Amino acid sequence: MKYIPAPEWTQKTHELVARLEMKHVMTDRVICFKSEGSQSRRTIARIHTMPKIIQMGINQPPFYAIELISERFDKQSEEEKIKTLIHELMHIPHSFNGGFRSHKPFVTHAKVNAMYARYQSQAQLLLP
Numbered sequence: 001m002k003y004i005p006a007p008e009w010t011q012k013t014h015e016l017v018a019r020l021e022m023k024h025v026m027t028d029r030v031i032c033f034k035s036e037g038s039q040s041r042r043t044i045a046r047i048h049t050m051p052k053i054i055q056m057g058i059n060q061p062p063f064y065a066i067e068l069i070s071e072r073f074d075k076q077s078e079e080e081k082i083k084t085l086i087h088e089l090m091h092i093p094h095s096f097n098g099g100f101r102s103h104k105p106f107v108t109h110a111k112v113n114a115m116y117a118r119y120q121s122q123a124q125l126l127l128p
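See below:
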C-alpha cells in the first residue's frame, strides 16, 4: 500500500467545508491522501483518525486523514468525487473529538445528495 499526499483534494475538502458551512470541521486538522494498491473491492474512500488514547498520550487534538483510493476514486466523475468528499466529511462528528458518525442515520445517500445540491447552489451564487 502506498500513500501519496493529495494537496489538491485537501484544498477542495477545505473549500467544501467553507461552502457547506461545516463550522465544526477544523480544516487545519483534515488532510487528504491518495492510496495505491488497496485490496478493497468496493471502497472508494475512507476517513481515519488516531485513537483517543494516542491523542491523549502525545497531547495532540484530533486529526482526520481522508484516504482516496486511486483505483476507484480516479475513475469517478467530478460530481461523484465531490460527493465522495462530502460523504467522508459527514463522518466527522460535530464535537470534532476524533470519533466518527455512523452511516445510518447520519451519512446516507439522501443526505449526501442534499449537501451536494447545497454545494451546487452555493457555486451558482459565486458565478458573475
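Numbering (UniProt numbering), first residue to last: 1 to 128.
Even for Gly, the Cβ is constructed at its ideal location relative to N, Cα and C.
Since the structure is predicted, the reported quantities are computational estimates derived from the model, not experimental observations.
Buried or exposed (CB count within 10 angstroms, at least 16 for buried), residue i
i     : result
Thr49 : buried
Ser35 : buried
Lys83 : buried
Gly98 : buried
Thr13 : buried
Glu67 : buried
Ala6  : buried
Glu88 : buried
Separation of residue j from residue i, as counted between CA atoms
i      : j     : result
Ile4   : Tyr64 : 15 Å
His94  : Val25 : 8 Å
Glu21  : Ile47 : 20 Å
Ile58  : Arg29 : 15 Å
Val112 : Ile54 : 31 Å
Arg19  : Gly37 : 32 Å
Phe33  : Pro61 : 20 Å
The beta strand (DSSP E) enclosing residue i, as first and last residue numbers
i     : result
Thr84 : Here Thr84 belongs to no beta strand (DSSP E); instead the alpha helix (DSSP H) covers Glu78 to Met90.
His48 : Ala45 to Thr49
Lys34 : Val30 to Glu36
Presumed contact (8 Å Cβ cut-off) between residue i and residue j, rounded CB distance
i     : j     : result
Arg72 : Ile92 : The Cβ separation is near 21 Å, so there is no contact.
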